[in-house]
Structures are given as structure tokens and as C-alpha cells.
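Student: According to this note's numbering, the sequence shown is numbered sequentially starting from 9. Beta carbons are placed, not taken as given, at the ideal position from N, Cα and C, and that holds for glycine. Quick caveat, the model's predicted, so the values are computed rather than measured. What follows is a single structure, and I will ask about it in a moment.
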Amino acid sequence: MALYLLDTNVLSRLARGIDKDISENVARHMEDCVLSSVAWYELEYGAARSSDPVKASERLTLLRSAFPFVRAFGEEEAAEAASVRAYLETLKPNAQPIGPHDVLLAGHALALGAVLVTHNVREFGRVPRLVVEDWQATA
């Protein structure tokens with residue numbers, strides 16, 4: 009059975025209830041889905057900056073209740089993320105780096121041996137060894 013680490017864009021759409029495909033896939037794989045403390049930080053930051061922070065915070069509380077725990081970003085995750093960044097910035101000629109939080113999420117997924125569920129397939133597709141799936145509706 010695969011472990012699925014949910015990217016921030018997936019969690020945001022899930023919290024807002026705006027993508028039936030994501031909701032159905034998460035429901036189908038609920039026991040195997042995990043949250044990253046990095047993605048949770050991004051969600052909290054987004055809620056704090058929202059035009060309606062109370063409503064955004066309520067959505068996060070509801071989302072958080074659906075998952076047993078948030079996986080912490082630790083030493084192994086940091087080492088994987090550092091390897092990803094070094095590869096993309098220095099070791100692979102003409103490689104485009106990915107955003108700093110995305111580097112951390114990629115490292116987290118690699119350390120867990122998890123599939124990263126994201127709509128940013130093109131960006132994360134540049135990361136070696138990272139398995140990526142897109143559960144978002146394309147229509």
C-alpha cells in the first residue's frame with residue numbers, strides 16, 4: 009500500500025471543497041494520506057493572510073480533524089531536501105530550481121517513501137526519485 013503526502017494546493021482545494029476528484033481520491037485513500045508540517049505551515053500562513061481569517065481558520069480546523077496527525081519535518085527530511093536542492097541548483101546543468109517550500113515537501117515525501125499528491129506535476133517532476141500523482145480535476 010502506498011503512502012500519500014498531500015501537497016498544499018491539494019489540501020487547500022480539499023479544505024474549500026472545490027474539487028470533487030480530490031475529495032473522492034482522498035476518501036478512497038484516507039488511511040494512507042498524511043500531512044506535512046511544511047504544508048500545514050503554508051495553510052496556516054494562507055489563513056492568516058486571508059481576507060476572512062476566521063472562516064479560513066475554521067476550514068483548517070475541519071480539515072485537520074479529518075487527519076490523525078501532521079508528520080513533522082526532521083533530520084532525514086532535511087537531508088533529502090538538501091540533496092534535492094543541490095541537485096536542481098548545482099548538479100544538473102540547466103535545471104530549473106523549484107520553490108523553497110516545494111523543496112522541503114519533496115524532501116519530506118522522499119524521506120517517507122511517499123507519493124506526493126500535487127497539481128504541480130511539472131515542477132515536482134524535475135525531482136529525481138520523487139513519485140508524483142495529480143488527483144485534481146483537469147476540466
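1. Helix, strand or coil for Arg-137? Go by DSSP, reduced to three states.
2. By alpha-carbon positions, which one of Asp-27, Asn-17, Asp-29 ends up nearest to Val-129?
3. Can you look up Leu-43 in the DSSP assignment and give me helix, strand or coil?
4. Taking buried to mean at least 16 other C-beta atoms within 10 Å of its own C-beta, is Ala-147 buried or exposed?
5. Going by DSSP, which residues form a beta bridge with Tyr-53?
6. For Phe-132, count the other beta carbons within 10 Å of its own beta carbon; 16 or more makes it buried, fewer makes it exposed. Which is it?
7. Does the separation of the CB atoms of Ala-56 and Arg-67 fall below 9 Å?
8. Whole angstroms are fine: how far does the CA of Ala-10 sit from the CA of Asp-40?
9. Check each candidate in Arg-72, His-109, Glu-32, Ser-91 and name the one with the smallest Cα separation from Glu-136.
10. Who are the near neighbours of Leu-138 in its chain, counting only those whose CB is closer than 7 Å to its CB and skipping five residues on each side?
11. Go to Leu-70, then tell me how far its alpha helix (DSSP H) extends in each direction, as first and last residue.
12. Just the Cα atoms here: how many angstroms apart are Ala-122 and Ala-94?
Tutor: Taking the coordinates as given:
1. For the purposes of this step, residue 137 is identified with residue 129 of the sequence shown, where counting begins at 1. Correct three-state label for Arg-137: coil.
2. In the sequence shown, the residue the question calls residue 129 occupies position 121. Comparing Cα positions, the closest option is Asn-17.
3. By 1-based counting over the sequence shown, the position of residue 43 is 35. Of the three classes helix, strand and coil, the one that applies to Leu-43 here is strand, per DSSP.
4. Mapped onto the sequence shown, residue 147 falls at position 139. Since pLDDT at Ala-147 reaches only 47, below the 50 mark, its modelled position is unreliable, and no value is offered.
5. Position 45 of the sequence shown, counting from 1, holds the residue named residue 53. In DSSP, Tyr-53 forms no bridge with anything.
6. Walking along the sequence shown from the start, residue 132 turns up at place 124. Classification of Phe-132: buried, given that the 10 Å Cβ count is 16 or more.
7. Mapped onto the sequence shown, residue 56 falls at position 48. Mapped onto the sequence shown, residue 67 falls at position 59. No, the pair does not count as a contact, with Cβ atoms beyond the cut-off.
8. Taking the first residue of the sequence shown as 1, we reach residue 40 at position 32. Taking the first residue of the sequence shown as 1, we reach residue 10 at position 2. About 7 Å.
9. Translated into positions along the sequence shown, residue 136 becomes position 128. Note on residue identity: the sequence assigns Pro, not Glu, to residue 136. Measuring from the Cα of Pro-136, the nearest candidate turns out to be Ser-91.
10. In the sequence shown, counting from the first residue as 1, residue 138 sits at position 130. The answer, listed in chain order, is Ala-114, Ala-117, Leu-118, Leu-124, Phe-132.
11. Taking the sequence shown and counting its residues from 1, the one referred to as residue 70 is at position 62. Where Leu-70 is concerned, the enclosing alpha helix (DSSP H) stretches over 61–73.
12. In the sequence shown, the residue the question calls residue 122 occupies position 114. In the sequence shown, the residue the question calls residue 94 occupies position 86. Approximately 21 Å between the Cα atoms of the pair.
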